[in-house]
Each structure stands twice: as C-alpha cells, then as structure tokens.
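Going by my numbering, the letters in the sequence shown line up with residues 15 to 566, in that order.
Ideal Cβ positions, reconstructed from N, Cα and C, are used throughout, including at glycine.
This one's a predicted model, so the numbers in the text were calculated from it and none came from an experiment.
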Amino acid sequence: MSQAIQRKWWKEEVIYQIYPRSYKDSTGDGIGDIQGIISKLDYIKELGIDIIWLSPVYQSPNDDNGYDISDYYDIHPEFGTMADFDQLLNGVHDRGMRLIMDVVFNHSSDEHEWFEKSKQSTDNDYRDYYIWKKGVNGGPPNNWRSFFGGSAWEYDNTTDEYFLHLFTKKQPDLNWENPKVVKEVHDITRFWLDKGIDGFRMDVIPLISKRLDFADTDLEAFNDIVTHVYSNGPKVHEYINDMCEKVLKHYDIMTVGEGPGITKDTGLDYVGHDRGELSMIFHLDHMFLGHGPLGKFDPVPYGWPEVKQIFQDWYDAMGDSGWISIFLDNHDFPRMVSRFGNDTIYREQSAKMLAILIMTMRGTPCIYQGTELGMTNVQFDNISDYRDVETHNYHKEFISRGVSDADFLSRVHEHGRDNARTPIQWNSDINAGFSAGKPWIIANPNYKTIHAQECLDNKDSIFYFYKNLMDLRKQEKTLVYGEWQVIEQESQDLYVYRRWDDCDSFYILLNHSDHHHIYNLDLSEHNLILSNNSEHTDILIPWEGRIYKRIN
Ligand code: ISL
C-alpha cells in the first residue's frame, strides 16, 4: 500500500445524493419530504450507502428549489419540521450511515430577513450584508451575466442602486467582505454541526470572494467568465481557512465543495491535504462538456475522449496530495445513463458499465438518487411542463434571439436540469409510487418499466450491481487508495486502466460503445471478479465492463 496517501473514512465511503423534492412524498401534496426519506432509509442502507448528501431542506421561497434560503435555521414546512429532521438524522445514524447537509453561503434568498432589511435604505445595519452598487450610464454597474441568463445585477428603486446576483434575482449574493456575514455563516455551520451532522456540501464555494474592482469582462465563453471572473477570488482561501479554523476542524466531519470554476490548476488550493481546507471537491469539468459560449443551451459536440482526458488531468493534478469526488450526474445535469451511456437498448448494460467506472476511479464515488435504478432523461413536449427556473429564464432569452420553441426544447431534452429532477420511480403505480397526489413535476412516463420494485425483485438489477460494487470497494482498499494508470489510450470505444499498490493489482476494462471489441491484454495472472456480462469470451460486448484481480 502506498505510504504517501492519507487514509480517511470519507475516502473509503460512498455518497448518495437526495434531492428531497423528488424523492418520496409521505403526505400526498406532490412534494417529496423528510418523512418520505425516512421511509426509504432501509432501502438506502440495503443499497450499501455510507453517506447521504441532502440537498437543501431549509425555509425557502423555492425560486431555485431551496438553493435560495430564507432561514438557515429552520426546515421548510413542505419538507416537514425540525423534529422530522432530527428523526431523520437519528434514523441515518442508527443504521450506521452519515448525513451531510447542503449549505448555500454565496447567496441567500431575497426573502431572507437580512435582504429585506438591507434593501430598505443605504445606511441600515444590513446594507453591507449584500453587494450594492450604483448604476453606470443608466445601466448596471458592469457587464456580468448571471448563471441563469441576463444581467447579474438587479435594479432596486428604493435606493436607486443595483444588487449583485450571480444566480436568479431572487438569490442576492452575500458580501463576505463584511465580518458580520462571516460570523453569521460560522454560527449557522456550528448550529448544524452541534446537531450531530457529519459534514457539508458547500454550494458554489469558490464564488464567495468577489473581485472588488467589479470590472467589465471581455471574456465571451460563460465557463471562462466563471473560472476567471466569478470563481477563485482573492480572498476565497482566507474565508475557507477561517471557517475551518474557527468551526469545521473542531468536528470529525467531511466537506465537499461544489466547484464551478475550480480547474485542475487550482484544485489543490482547495483540497491539498496540507491546506486544511476542504476534504474534497466536485469539480465540474466533465459536467460542463458540451456547453457552448452561451452555456448549456448553446450545445457543442463532445465525446468520450474529452471525458477521459479530464479524468487523466485531475488524477495527475491531485496525485497523493488531494482528493476529489467521482460522479457523472447530479440534480443540475442530465441523467448519466442518457448522457454517457445508451439509454435505449443498452440501458441496463451501460448503466452497469458506468457504475464500474464510478466505483473504480480514484475519488469518493457519489451516486445521484435514481441512478441506482438506471433512471433516464425525460422529454416533455411542452415547456410549461418544465419547472426549473434556469430552463424558463433561458427559454425567454433564446426565443428573443430567434431560436424556435422546438429547437429550444431539444436543447432542454439534452441538457436541462429537470432531466434529473423527475420523481424517483418506486413502482409502476400511479405517479411512479412517488406521491398519492399530483407530483410537482410529472414523472418520467417510463416509470411503468423502470422502477425500484423491479430492481429489488431482480438480483441481476442495476441496484444490486451497485451494491456488489460497493461491497467490493469496501473490501479492496486498493480500489480506493491504489495508483491509477490508463492502459488503453488510443481506442475510441474502450477505456482500460489499472489500479494497484504493493499488495494487489486490478485491471478494469470498459467498452463505452454500441460495438463489439476484441481487446488483447495478457491477464493470465488475473481472475475476472466482476462483470456486467455473464458470457466471458475474448470479445467485449457493447457496454461491457470487467474487473480483474491479480491471483496472489
Ligand atoms: O447547472 C448549472 C448551470 O447551468 C451549473 O452551472 C450550476 O448552476 C452550478 O454548478 C451551481 O450549482 C449550484 O448552485 C446553484 C443551484 O441552482 C444549483 O442547483 C446548485 O447545485 C445556485 O445555488
């Protein structure tokens, strides 16, 4: 075993993300809730999960489904009460699992009392909780664009000033330059940690420090603007360090920073073991593939070569000095079997192949709810069936640029966030068994055939394939800490790599195509220990994945 790399529980465990709104509704109001999650804890445990990441359940007007928080100390009534939350936390701990909370500290809701006070005058105690500026030449202070379309500044006529919102205008950015804001953030984190939670997923953490000259940007591509203008600001590490010193390091927890704009060149600044900042990050390089200059609804072609290059780059960048999470989807991106697999005739096969990939790379695997069932993207025919604010904002923007409705819908089908937000398909009953009432977003019509009950009744299902992989990763620490090296560089369709240390050696062979392939590699000293194909020949069938282990 390599001596250099640090061993940590959060490297060995697997994360499962719950987007509560879409998980399980216990009341019949059409919205998933905490009691619904509690009713599924045995299911999550059976899957083999160690850590649950809960997307926001705080008070919120839900402009961005909870990523706009109006009270960080309370639970939204549509999700339940604080007593429900405490019951959830106990239920998770009783089953030997952990719970991490999603915290959003770059911005709050405009309905947070801080903002409601802040906007009242230019000299109140809360004015500097947010970023207010005078307009320039009758327009906004600069040309920054919001992640969700349009200017990143909103005019407020009460004081004749603009406030900054990198996301929707109902998500004003907090001003971390103000020590009172920093203190509020520390108090909030302490409050939740003292309840006994096991860590945080920190939303858009590299965005918290602004470039205070607020200069116009001449960059064109939105992702470049994020990286060089919004992210990695001058004080970001000072702020994270301070939070770690004053709060986080006093608890045995993990932190994962969501990292738009964190690149392979800046990653270690956040997660280098010598830095004492975050445990790991979700870098988004592979998630942003296919996004053109205007973002996700301006798609450009991409493929596996780019995906593989990104894995290589990040492995090289981290070395033994830092750590990332490995994931292929979440609530902001399309379903992974639709995006990276084949969600029609090879749906099961490719979902399993992708599961092998996630579980055998170096990094903490993170599975998004429903991925264990092979849930797919959805294609609604009407824009009115979509719920995501990002989709609707860009719809208006693109229609005004002359893009047709049908064209825009096809872009939403490919990249829209609601692909991942349809209700979890529990069974083939009405509304996929998610709710007795009308769901807040329509269930994917394929729930009649793709659902948890079918998976649980079938030992060959994607669900049990994940479970087996997680068992394997628990037993074989080489798959966690071992070195990683790509063996097959040239093939368009194959991904072959090795994991090894002083004790063990594994080869992973993945066919990420609809084609059969012969692959010649001397594996005579290795045994095939796991595969998604029961026939083992020299030929890798479409979307086949295999794990070989050295005979010791
Ligand atoms: O999906 C994206 C936009 O097209 C991403 O760029 C996403 O906005 C970015 O990764 C930040 O996401 C996080 O913060 C947002 C929230 O809407 C997302 O759900 C959250 O994951 C604002 O809080």
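### Query
DSSP beta-bridge partners for W498?
For W498, which the question treats as bridged, DSSP gives the partners R513.
Are the region 282 to 295 and the region 325 to 344 in contact at 8 angstroms, needing three or more beta carbon pairs? yes
**Prompt:** So, using beta-carbon positions, are S339 and F354 closer together than 9 angstroms?
**Reply:** If you check the CB distance, S339 and F354 do not come in under 9 angstroms.
Taking the straight line between their C-alpha atoms, what separation do you get for W557 and I32? 27 angstroms
| task | Identify, in the order they occur along the chain, each residue of the same chain with its Cβ nearer than 7 angstroms to the Cβ of E386, setting aside the five sequence neighbours on each side. | result | L61, I476, F477 and Y480
Just mark I29 as buried or exposed, buried being the case when its beta carbon has 16 or more other beta carbons within 10 Å. buried
In three-state terms, what does DSSP make of H305? strand
- Can you check the region 329 to 388 for any alpha helix (DSSP H) of at least 4 residues that lies completely inside it and give the ranges in chain order? Taking only runs of at least 4 residues, the alpha helix (DSSP H) segments lying wholly in the region 329 to 388 are 350 to 353 and 361 to 374.
Please identify the residue among G416, E411 and S424 whose C-alpha is closest to the C-alpha of D395. S424
For D187, three-class secondary structure by DSSP
For D187, the secondary structure class from DSSP, reduced to helix, strand or coil, is strand.
**Request:** Provide the residue span of the beta strand (DSSP E) that contains E490, from first to last.
**Result:** Unbroken run through E490: none, as it is neither H nor E.
Check: Can we count Y81 as close to the ligand ISL, meaning its CB is less than 8 angstroms from some heavy atom?
Finding: yes
Check: With 16 as the cutoff for other CB atoms within 10 Å, does M96 come out buried or exposed?
Finding: Answer is exposed; the Cβ neighbour count stays below 16.
Checklist entry - Does any heavy atom of the ligand GTP sit closer than 8 angstroms to the C-beta of P274? => result What this structure holds is the ligand ISL, not the ligand GTP.
Check your understanding: Around the Cβ of H550, are there at least 16 other Cβ atoms within 10 angstroms (buried) or fewer (exposed)?
Key -> exposed
Give a single yes or no on whether E404 has its beta carbon closer than 8 angstroms to a heavy atom of the ligand ISL. yes
**Q.** Length of the line joining the Cα atoms of N525 and L508
**A.** 5 angstroms
Does the Cβ of K148 have 16 or more other Cβ atoms within 10 Å, making it buried, or fewer, making it exposed?
K148 should be labelled exposed.
Could you please give the first and the last residue of the uninterrupted beta strand (DSSP E) stretch that includes N525? S519 to N525
**OP:** Kindly confirm or deny that the region 218 to 225 and the region 97 to 112 touch, where touching means at least three C-beta pairs closer than 8 angstroms.
**Re:** no
Exposed or buried, Q439, counting other C-beta atoms within 10 Å across all chains shown (16 or more means buried)?
buried
* To do: May I ask you to report which of helix, strand or coil DSSP gives N472?
  => coil
Query raised in the report: Using the beta-carbon count (16 or more within 10 Å), is K194 buried or exposed?
Result: Under this definition K194 is an exposed residue.
Sequence-distant residues of the same chain with beta carbon closer than 8 angstroms to S16, five excluded per side:
Summary for S16: the model assigns pLDDT 44, below 50, so the residue's position carries little reliability, and this model does not support an answer.
query = Just the Cα atoms here: how many angstroms apart are D518 and G286?
reply = Using only the alpha carbons, I get a separation of about 26 angstroms.
>> For Q101, report the span of its alpha helix (DSSP H) as first-last.
In response: M96 to D108
*alpha helix (DSSP H) containing Q49: first to last residue?*
I48 to S53
> With respect to the alpha helix (DSSP H) encompassing F412, which residues constitute its N-terminal and C-terminal limits?
Replying inline: V403 to S414
* contact_flag[the region 155 to 171, the region 251 to 261] where n(CB pairs < 8 angstroms) is 3 or more -> no
>> Do W454 and R112 count as a contact pair if the criterion is CB distance below 9 angstroms?
In response: no
Distance CB(I276)-CB(L298) smaller than 9 angstroms: yes
Exercise. What do you reckon, are the CB atoms on I114 and L68 nearer than 9 angstroms?
Worked result: yes
Which same chain residues, not among the five before or five after S293, have their C-beta less than 6 angstroms away from its C-beta? W24, M268 and T269
So if DSSP puts G564 in a beta bridge, which residue, or which two residues, is it bridged to? First, the amino acid is wrong: residue 564 is Arg here, not Gly. Beta-bridge pairing links R564 to H540.
Can you tell me whether N120 sits near the ligand ISL, meaning its C-beta is under 8 angstroms from at least one heavy atom of the ligand? True, at least one ligand heavy atom lies under 8 angstroms from that Cβ.
Beta-carbon contacts of I324 that lie in its chain and below 7 angstroms, excluding the five residues immediately before and after: The beta carbon of I324 lies closer than 7 angstroms to those of D299 and H300 in the same chain, with the five residues before and after it left out.
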